[in-house]
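These notes are about the structure you will find just below.
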Amino acid sequence: MRKEDAAKIVQEFGWLSRQPKQFQDDVLRRCHVSTCREGEVLYRAGDPAGGLYGLVDGVLQVEAAEGKVFAIRTRGAWFGETAAFRDQPRLMTMTTTTAVTFLMLPLAEFDRLIANAAYCRHFALLMAEHFAEVVAGAADLMERNSLVRVCGRLVALSLAQSTPDEDLRLTQARLGAMCGMTRATVNRVLGQLSRDGAIEVRYGHIHVRRRDVLLRHIQRLPD
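Next comes the structure, spelled out in structure tokens:
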């Protein structure tokens, strides 16, 4: 993929699309395009700090300690800023679940950009988005009700996508790992949500049809 085409995608979707045009241009001209095959690791927890990544196409999974899947990343997602800011080792492992195309912002270029206080704030907003995601994920895992926990994850994942109404490229086993549940429990909950008309389960995908139904379960509102 040409860099110009990759740039257009991240200027339309995700965190960078919400930043000022001048900032977008200054970030993108410092990036280069790269690709990975399915099943490759971009970096592992404990690796030295490196640059930032902007996902142009494909899907990645975010793995916390002991290989537990915490989140997924799709088109328009940027990540890697926490280690870059702190100049400390990576906290998460990023593994491709499909072939991916991404933009890479080298660490040296990131350091030059954050010398500008306004630009530093834009990157801090990305880190704040990820912090909010971690807090929400922790709250979901503390929820004892399996239905509420799954609904919380599905809502969070769908809203985190570049296009919220797009199918979640997510297997039932991976969703179970993210929710800390057995596959049998997740299948039972997904079956109930399918009967409610909230979702449609497809091979390797979950389509959220009615987010309002998921939210009603989360809020424990009567039908």
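Residue 77 in the UniProt record's numbering sits at position 77 of the sequence shown, with consecutive numbering throughout.
Where a beta carbon is used, it is the ideal one built from N, C-alpha and C, also for glycine.
* Asked: Cβ atoms of F85 and L55: under 8 Å apart, would you say?
  -> Cβ distance not < 8 Å, so L55 and F85 don't count as in contact.
* To do: Would you tell me roughly how many angstroms separate the C-alpha atoms of K21 and R90, rounded to the nearest one?
  => Spanning the two alpha carbons is a distance of roughly 29 Å.
* What is the rounded straight-line gap between the Cα of I218 and the Cα of R149? -> Distance from the CA of I218 to the CA of R149, rounded to the nearest whole angstrom, comes to 8 Å.
* Asked: By the 10 Å Cβ neighbour count, where 16 or more other Cβ atoms means buried, how is V41 classified, buried or exposed?
  -> Exposed.
* Asked: The alpha helix (DSSP H) spanning C179 covers which residue range?
  -> For C179, the uninterrupted alpha helix (DSSP H) segment begins and ends at Q172 to C179.
* To do: Return the residue from the list L175, A49, S146 and P48 that minimises the CA-CA distance to residue 250.
  => One cannot answer for residue 250 here, as it falls past the ends of the chain, which runs 1 to 223.
* Asked: Does DSSP put M94 in a helix, in a strand, or in coil?
  -> In the three-state scheme derived from DSSP, where H, G and I count as helix and E and B as strand, M94 is classed as strand.
* How close, in whole Å, do the beta carbons of T97 and L157 come, if the pair is a contact with beta carbons under 8 Å? -> Your pair T97 and L157 does not check out as a contact, with CB atoms roughly 13 Å apart and the cut at 8 Å.
* **Residue span of the alpha helix (DSSP H) that contains I218, given as start and end** => Taken as a continuous stretch (DSSP letters only), the alpha helix (DSSP H) holding I218 covers R211 to Q219.
* Spatial distance of G152 from L215 (CA atoms) -> Their backbone Cα atoms lie some 8 Å apart in a straight line.
* **Stretch pair the segment 68-82 + the segment 189-205: three plus CB contacts closer than 8 Å** => No contact exists between the segment 68-82 and the segment 189-205.
* Going by C-alpha distance, which of G137, I114, R183 and D111 is nearest V62? -> Comparing Cα-Cα distances from V62 to each of G137, I114, R183 and D111, the minimum goes to G137.
* Taking L170 as the reference, which of C31, T35, V27 and I72 has the closest Cα? -> The shortest Cα separation from L170 among C31, T35, V27 and I72 belongs to I72.
* Asked: Among residues of its own chain, excluding the 5 on either side of C36, which ones have a beta-carbon nearer than 6 Å to its beta-carbon?
  -> Excluding positions up to five away in sequence, the list reads T96 and V100.
* Kindly indicate the opening and closing residues of the beta strand (DSSP E) around R73. => Residues V69 to R73.
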